[in-house]
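To start, the structure itself, in structure tokens.
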Amino acid sequence: MTLVIPPEINLYALSKGYWTNLSVEVAPPYLISNESSQAYVNGAVHWIASVKDDGVKYYQSLIVLFETSDEVFCKMELPDGIAGKSELGMSLAAYRKSLLLFYYDQLAAGKDCIIWVMKEYSVSESWVKLFSIDMRGELTNVVSLMENGRLLLVRSDRDLVLYDPEEQRFEDVRYLRIEGMHSYYVTTCMKSLVLLIDADTA
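Quick note: the sequence shown uses the UniProt record's numbering, first residue 1, plus one each step.
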């Protein structure tokens with residue numbers, strides 16, 4: 001017997017200071033790991049998810065996104081040849097106004113991380129492979145692609161390092177390291193004069 005637990009979705013509004021419960025019908029019929037990274041691009045939060053196709057014994061991977069303006073879930077396709085791979089070997093990140101995909105190819109000689117970018121948002125045919133990184137040795141995960149073209153990575157000791165793909169050179173990031181959870185992401189803090197408190201409740 002399979003126990004199906006209905007999903008529950010709650011949104012917290014900073015401007016109003018309270019939670020809102022969305023209907024179960026809004027929830028997507030996909031599995032999202034609690035260790036899945038998230039990326040905020042084009043007004044939506046993106047995750048790697050999986051769904052079991054009818055008639056097959058394995059799960060198909062895809063991108064699930066939540067549009068914050070309309071409060072609805074949608075889906076996107078992964079690059080060709082990756083949808084049949086495990087979602088546990090993928091992560092997402094935001095790069096400027098584009099979506100990045102980090103795919104860890106465990107079948108390569110050692111362990112390679114292949115980096116893809118979606119050139120045109122929501123167009124699956126616009127996925128372009130940027131480059132790949134040899135992840136053998138102390139490197140475990142790629143966190144983000146920086147504005148200057150360098151990569152932020154995590155080592156096995158949880159310290160952060162920067163990697164320059166052109167010069168193929170590593171640089172330690174002093175005083176910063178990853179602790180605890182495996183799900184983490186990098187975002188850009190933007191200055192704003194918009195108040196978080198609703199003017200009607202202030």
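In this text, a Cβ means the ideal position worked out from N, Cα and C, and glycines have one as well.
- Residue pairing by DSSP places Q168 in no beta bridge whatsoever.
- Cβ contact annotation for S69 (same chain, cutoff 8 Å, sequence separation greater than five): G43, in chain order.
- DSSP places E77 in the coil class of the three-state scheme, outside both helix and strand.
- In this structure, C113 and V142 form a Cβ contact; the two beta carbons are roughly 5 Å apart against a cut-off of 8 Å.
- Each residue's CA atom was taken as its position, placing L139 and K52 some 31 Å apart.
- In this structure, F73 lies near L65, with their beta-carbon atoms less than 8 Å apart.
- Taking 4 residues as the minimum length, the stretch 116-174 contains no alpha helix (DSSP H) run wholly inside it.
- In the DSSP secondary-structure assignment, D70 is not bridged to any residue.
- Put simply, the backbone Cα of R150 is about 16 Å away from that of L92.
- Counting only the Cα atoms, S23 lies some 43 Å from L162.
- DSSP links Y18 through a beta bridge to A13.
- A Cβ-Cβ distance of about 15 Å is found for the pair M90 and I133, leaving them out of contact under the 8 Å criterion.
- Residue pairing from DSSP places A49 in a beta bridge opposite L62.
- Relative to the Cα of R136, the nearest Cα in the group E167, V123, K111 belongs to K111.
- Counting only the Cα atoms, Y59 lies some 10 Å from Y30.
- For L92, the enclosing beta strand (DSSP E) covers residues 90-95.
- Sixteen is the threshold: when 16 or more other Cβ atoms of the shown chains lie within 10 Å of the Cβ of I82, as they do, the residue is buried.
- A straight line joining the alpha-carbon of L130 with that of I9 spans about 35 Å.
- Annotation: the continuous beta strand (DSSP E) that includes S98 extends over 98-105.
- Bridge partners of A83 according to DSSP: none are assigned.
- For A27 and E71, the gap between their C-alpha atoms comes out near 10 Å.
- Going by DSSP, A39 is part of the beta strand (DSSP E) stretching over 38-41.
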